[in-house]
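Number of protein chains: 2
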Amino acid sequence: MKLSSRGHYGMMALTYLAQKVGDGPIPIKVIAAAEEIPEQYLEQIFVELRRAGLVTSVRGARGGYKLSRPPEQIQVGEVVKVLEGEIAPVECLHADEDNPSLCCSKTEHCATKIVWVKLRDTIVDYLDDITLHDIVHKSSKLYTESR
Amino acid sequence: MKLSSRGHYGMMALTYLAQKVGDGPIPIKVIAAAEEIPEQYLEQIFVELRRAGLVTSVRGARGGYKLSRPPEQIQVGEVVKVLEGEIAPVECLHADEDNPSLCCSKTEHCATKIVWVKLRDTIVDYLDDITLHDIVHKSSKLYTESR
DNA sequence: TTAATCTTGACTGAATGAGTCAGGATTATG
DNA sequence: CATAATCCTGACTCATTCAGTCAAGATTAA
Ligand code: FES
Ligand code: FES
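Written as C-alpha cells, this is what we have:
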C-alpha cells in the first residue's frame, strides 16, 4: 500500500503551482529547486500531467507550467490516478467488459474480493474529496482531529 | 496503491481457515489446492502469520494450521500489516522518536503530508473494522451499497 | 518405521522504481 | 539574427522488490 515517488512528487509540484496561481508560467527548474525534486525526473512527471490535461505548458524562454484549472477543481484522486494508474489494491479489480479474464482467475469467486472493492472505494472517495485548494488553504477537512 | 500477492493470498488462506473453524488443523497443502496458491509460497506466508501469532501450527502427520483466535477477533488490518508491513503511503509517515530523520527530509514541511496521514488513517480505520467473521458471514458491513 | 507435516534458508528471474543521459524543438529577448 | 531559456522525447541504467522455487531438515501420528 505505497504511493510511488511520482505521485508524491507530482502532488508536491502541483501544490506549489496552486500557491502561485496568477504568477504566469513557472519553470520546472524553479519547482524542482523549491521542492527538492530531481529536475529531469520532474520533467517526466510533468509530461504525464500535461498529457492528462492537468497542467498547461508554455514553451520557450520565459515559459513554464501552470495549472489548467483552478486549484479547487483539481482533486488529489485525479492526480494520483494519472501518475500511479487506476487505483486498485488487487489486479482483479481492473476487470471490465473488455477484460473479464482478469476477474479472479484464481478461484471461482474470491471471498476476499469484496474487501478490496470496498477498500478501493474508500480510498477513491477520500482522495476525490480533497482538492489542491484544500491543501493550500489548510481546509478543516484536513486539519481537524478525527481520531 | 497496490496490495502485494502475499497480502491477498494471506487473506484468502485465513478466510478459508475461518470457514473451517472447529475442523482441527488444516494442512497447507489443502489450503493451497483449494485457493489455487503455490504451496511453497504459501508456506512462507504462514511462517509470517505464525510468528505474528495469527495462526497456530501443529507439526507432524495430521498436523496443519488453525486460527489462533476466533474469526471475529482477526481484523483485516492486522493481517495486512503483518504481510505487507506498516501501512503508510509515503516513507515519511514511518518517522517516530527513534527515526525522526525519515520525516520529510525533502522540504522543511511538506504541504502534502497531511493528505497522506489522513489517507493512511482512512485505510487503517477501514481495514481494522473488518474481521474474518465479516467476510465469511457476508456482513452487511461489506454487502450493502454505499455509492 | 514411515509418511505426512511443518520449518528454514538460500536461490532465481522478472518486473518495477527511481532516476540519469543525450539531444532536439520552440520562443522571448537583445 | 543569435542566444539563452525553456519545454519535449526516448533510451538507458542501476538497485530493489516481488513472486516463486529448490533443497534439506525436524516433528509426530499412525
Ligand atoms: S482472486 Fe480476485 S480478488 Fe481475490
Ligand atoms: S516529503 Fe514527507 S510527506 Fe511529503
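Protein chains in written order, with the working numbering: chain A, 37 to 183; chain B, 37 to 183.
Backbone N, C-alpha and C fix where the C-beta goes; we use that ideal spot for every residue, glycine too.
Reduced DSSP secondary structure (H/G/I, E/B, other) of residue i
i, result
"valine 4 (chain B)", "This structure gives no information on residue 4 (chain B), because the portion of chain B shown stretches from 37 to 183."
"leucine 39 (chain B)", "coil"
"glycine 100 (chain A)", "strand"
"valine 153 (chain B)", "helix"
"threonine 51 (chain A)", "helix"
"threonine 158 (chain B)", "helix"
"isoleucine 166 (chain B)", "coil"
"histidine 130 (chain A)", "helix"
"proline 61 (chain B)", "coil"
"histidine 145 (chain B)", "coil"
"proline 106 (chain B)", "coil"
Chain B contact for residue i (CB, 7 Å cutoff)
i, result
"valine 91 (chain A)", "no"
"alanine 147 (chain A)", "yes"
"histidine 169 (chain A)", "no"
"proline 74 (chain A)", "no"
Reference residue i; option with closest CA among the options
i, options, result
"cysteine 128 (chain B)", "B:Leu39, B:Arg95 and B:Val153", "B:Val153"
"threonine 51 (chain B)", "A:Val151, A:Ile166, A:Ile159 and A:Leu168", "A:Val151"
"alanine 49 (chain B)", "B:Leu39, B:Thr148 and B:Tyr101", "B:Tyr101"
"lysine 65 (chain A)", "A:Phe82, A:Val126, A:Ala147 and A:Ser104", "A:Phe82"
"histidine 145 (chain B)", "A:Val160, A:Ile171 and A:Asp161", "A:Ile171"
"lysine 56 (chain A)", "A:Met37, A:Asp165 and A:His173", "A:His173"
"arginine 98 (chain A)", "A:Ile62, A:Thr180 and A:Glu79", "A:Ile62"
"leucine 78 (chain A)", "A:Pro106, A:Leu119, A:Arg95 and A:Leu163", "A:Leu119"
"histidine 130 (chain A)", "A:Glu181, A:Val94, A:Arg156 and A:Glu108", "A:Arg156"
"methionine 47 (chain A)", "A:Cys140, A:Leu90 and A:Arg95", "A:Leu90"
"arginine 42 (chain A)", "A:Gly58, A:Leu85 and A:Ala54", "A:Leu85"
"isoleucine 123 (chain B)", "B:Thr180, B:Ile159 and B:Gly58", "B:Ile159"
"alanine 88 (chain B)", "B:Lys117, B:Pro74, B:Glu71 and B:Gln109", "B:Lys117"
"glutamate 114 (chain A)", "A:Leu53, A:Lys38, A:Asp59 and A:Asp161", "A:Asp161"
"asparagine 179 (chain B)", "A:Lys177, A:Thr167 and A:Ala147", "In the sequence as presented, asparagine is not what sits at residue 179 (chain B); that position holds tyrosine. With distances taken between Cα atoms, tyrosine 179 (chain B) lies closest to A:Ala147."
"aspartate 164 (chain A)", "A:Gln80, A:Ser175 and A:Gln111", "A:Gln111"
"leucine 53 (chain A)", "A:Ser175, A:Pro74, A:Pro125 and A:Glu108", "A:Glu108"
"proline 106 (chain A)", "A:Ala70, A:Pro74 and A:Thr167", "A:Thr167"
7 Å Cβ cutoff, residue i in contact with chain A
i, result
"threonine 180 (chain B)", "no"
"valine 94 (chain B)", "no"
"leucine 85 (chain B)", "no"
Boundaries (first-last residue) of the alpha helix (DSSP H) holding residue i
i, result
"valine 94 (chain A)", "Unbroken run through valine 94 (chain A) is the beta strand (DSSP E), 91–94; no alpha helix (DSSP H)."
"isoleucine 123 (chain A)", "Isoleucine 123 (chain A) -> no alpha helix (DSSP H), and no H or E assigned at all."
"valine 83 (chain B)", "75–87"
"valine 66 (chain B)", "64–71"
"lysine 12 (chain B)", "Nothing about residue 12 (chain B) can be read from this structure; chain B reaches only from 37 to 183."
Positions along the segment 51–65 of chain B whose CB lies within less than 7 Å of some CB in chain A: Thr51
Chain-ordered residues of the segment 150–169 of chain A with a beta carbon less than 8 Å from chain B: Ile150, Val151, Trp152, Lys154, Leu155, Asp157, Thr158, Ile159, Asp161, Tyr162, Leu163 and Ile166
Interfacial residues, the segment 103–129 of chain A to chain B, with Cβ spacing under 8 Å: Val112, Val116, Glu120, Ile123, Ala124, Pro125 and Val126
Where the segment 38–51 of chain B meets chain A: residues whose CB sits under 7 Å from a CB there: Lys38, Leu39, His44, Met47, Met48 and Thr51
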